[in-house]
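Undergrad: Encoded as structure tokens, here's the structure I'll be asking about.
Protein chains: 2
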Amino acid sequence: MTGNLKDRHFPDVMECWARLQRSSGAVLSRVEVRLKAEGFPPLGWYDVLLELRRADGVGLRPVDIEKRMLLAQYNVSRLIERLVGASYVDKRRAPDDGRGVMIFLRPEGEALLERMWPVYREAVETEFAAHLDDEEAETLWKLLGKLLP
Amino acid sequence: MTGNLKDRHFPDVMECWARLQRSSGAVLSRVEVRLKAEGFPPLGWYDVLLELRRADGVGLRPVDIEKRMLLAQYNVSRLIERLVGASYVDKRRAPDDGRGVMIFLRPEGEALLERMWPVYREAVETEFAAHLDDEEAETLWKLLGKLLP
DNA sequence: TTAAAATAGATGCAGATGCATGAAAATACA
DNA sequence: TGTATTTTCATGCATCTGCATCTATTTTAA
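So the sequence lines, in the order shown, correspond to chains V and X.
Every letter in the first sequence is one number past the one before it in the UniProt record's numbering, and letter 97, counting from 1, is 97.
Every letter in the second sequence is one number past the one before it in the UniProt record's numbering, and letter 128, counting from 1, is 128.
So this is what it looks like as structure tokens:
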């Protein structure tokens, strides 16, 4: 059933697709396991805090975070809710837009980034990077870029 | 902070890692949206039914499904529970192992595979394969293989 | 053979996600 | 200007996932 129509693709488009999902999922779960084992929150927390640090004190709108992280709107809303609850970020009314809010990184959030970083980097190094040399990583990076929106 | 230690990697291991997660997640969600729009269940259902069809009438143990799909044990257990509830599979006691069960594909499950397949293939073609030529797909396939367990 | 360890699977509970929808403000445009 | 549309964010509800743990059975090994 798989590959009987216009089988012009190598080795089979569906195989390649399945491998993308399996391999990225497997590596992600191994990295998450390592972080959890050290008592850290999920990677999504790190990613949001990192985006905020890149914003460099200016603060971000949830809608910006949503676009940068490719997350659903309600997902961002609740992730921020948890980050506020854990005192890693502040949420204030947006000064120039009555509908919106602005999210700011707190020192506690910055500290969490600092503490997570070495564990995170080590995990990605071991579970991901160790399997590829520089040239392979570069090629992978370029190919994956073609899949981005 | 990102890339200050032994920056021998291109362009940055963390960038490559992030792109793997972003791109695979983005493509997956677009494919799932298409399936849902046609009224179909999540991809995980399809994947289990497909594994069962590949088993060709013999049936599979949940533990086999777990290993093939790289899912957590409780996740498989509950996915099967839903598939049984929806009458897509049967669950019987394993004849040779009193602890276990055997899962069998029912005709209704086979029919679901048939109905989902064209939509699924079209979605993967559009959201994934259309962005890569054959050679690129082959290269990607090989690189991703290095990340598998 | 019998006790300890490992394996297969289920499940209660808490937390997270997806969906649909709501409220409030901004923008478009007639 | 005034109304319709769009944008921003929150939330009730159902479903799904993760964790820890439980039972039952099989395997190991003393």
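C-beta atoms are modelled at their ideal positions from N, C-alpha and C, and glycine is treated no differently.
Can you find the residues in the same chain that come closer than 7 angstroms, C-beta to C-beta, to Leu132 (chain V), ignoring five residues on each side of it along the sequence?
TA: Mapped onto the first sequence, residue 132 (chain V) falls at position 132. These residues qualify, in order along the chain: Leu140.
Undergrad: Check the C-beta distance from Ala130 (chain X) over to Leu148 (chain V) and give it rounded, since I have them as a contact under 8 angstroms.
TA: Reading the second sequence from its first residue, position 130 is the one you call residue 130 (chain X). Reading the first sequence from its first residue, position 148 is the one you call residue 148 (chain V). About 13 angstroms; that fails the 8 angstroms criterion.
Undergrad: Nearest by alpha-carbon distance to Arg93 (chain X): which of X:Tyr74, X:Arg115, X:Pro107, X:Leu60 is it?
TA: To locate residue 93 (chain X), count along the second sequence from 1; it is residue 93. Cα-wise, what sits closest to Arg93 (chain X) is X:Leu60.
Undergrad: What residue range is occupied by the uninterrupted beta strand (DSSP E) comprising Asp64 (chain X)?
TA: Translated into the one-based positions of the second sequence, residue 64 (chain X) becomes position 64. Element bounds for Asp64 (chain X): not the beta strand (DSSP E) but the alpha helix (DSSP H), 62 to 69.
Undergrad: In chain order, what residues of the region 22 to 38 of chain X put their CB closer than 7 angstroms to some CB of chain V?
TA: For the region 22 to 38 of chain X, which is checked against every Cβ of chain V, the residues closer than 7 angstroms are Arg22, Ser23, Ser24, Gly25, Ala26, Val27, Leu28.
Undergrad: Going by DSSP in three states, Glu135 (chain X) sits in which element: helix, strand or coil?
TA: Residue mapping note: residue 135 (chain X) aligns to position 135 of the second sequence, counting from 1. Residue state, collapsed to three classes: helix.
Undergrad: Identify the contact partners of Met14 (chain V) in chain X, using a Cβ-Cβ distance below 8 angstroms as the criterion.
TA: What you label residue 14 (chain V) is simply residue 14 of the first sequence in a count that begins at 1. Chain X residues near Met14 (chain V): Arg121, Val124.
Undergrad: Tell me, please, whether the region 64 to 74 of chain X touches the region 94 to 101 of chain X by the rule of three or more beta-carbon pairs shorter than 8 angstroms.
TA: Touching, no, given that fewer than three Cβ pairs across the two stretches are closer than 8 angstroms.
Undergrad: Strictly below 9 angstroms CB to CB, what residues from chain V border Phe128 (chain X)?
TA: By 1-based counting over the second sequence, the position of residue 128 (chain X) is 128. Residues of chain V passing the Cβ test: Val13, Cys16, Trp17, Leu20, Leu147.
Undergrad: Is Val101 (chain V) helix, strand or coil by DSSP?
TA: Your numbering for residue 101 (chain V) matches position 101 in the first sequence. If DSSP states are grouped into helix, strand and coil, Val101 (chain V) belongs with the strands.
Undergrad: Quick one: grab the DSSP three-state call for Asp90 (chain X).
TA: Looking up residue 90 (chain X) in the second sequence gives position 90. Asp90 (chain X): strand per DSSP, three-state reduction.
Undergrad: Of all the options X:Val31, X:Ser24, X:Val84, X:Arg19, which has the alpha carbon lying nearest to the alpha carbon of residue 153 (chain X)?
TA: The shown model of chain X, from 1 to 149, leaves out residue 153 (chain X), and the question about it has no answer.
Undergrad: Determine the DSSP secondary structure at Pro107 (chain X), reduced to helix, strand or coil.
TA: Translated into positions along the second sequence, residue 107 (chain X) becomes position 107. In this structure, Pro107 (chain X) counts as helix in the three-state DSSP scheme.
Undergrad: Of all the CB atoms in chain X, is at least one closer than 8 angstroms to the CB of Trp141 (chain V)?
TA: As a first step, residue 141 (chain V) is located in the first sequence; it is residue number 141 there, counting from the start. By this cut-off, Trp141 (chain V) is an interface position.
Undergrad: Output yes if chain X places a C-beta closer than 8 angstroms to the C-beta of Glu136 (chain V); else output no.
TA: Working through the first sequence from its first residue, we reach residue 136 (chain V) at position 136. Interface residue, yes.
Undergrad: Quick one: is Glu135 (chain V) buried, meaning 16 or more other Cβ sit within 10 Å of its Cβ, or exposed?
TA: Here the question's residue 135 (chain V) lines up with position 135 in the first sequence. So Glu135 (chain V) counts as exposed.
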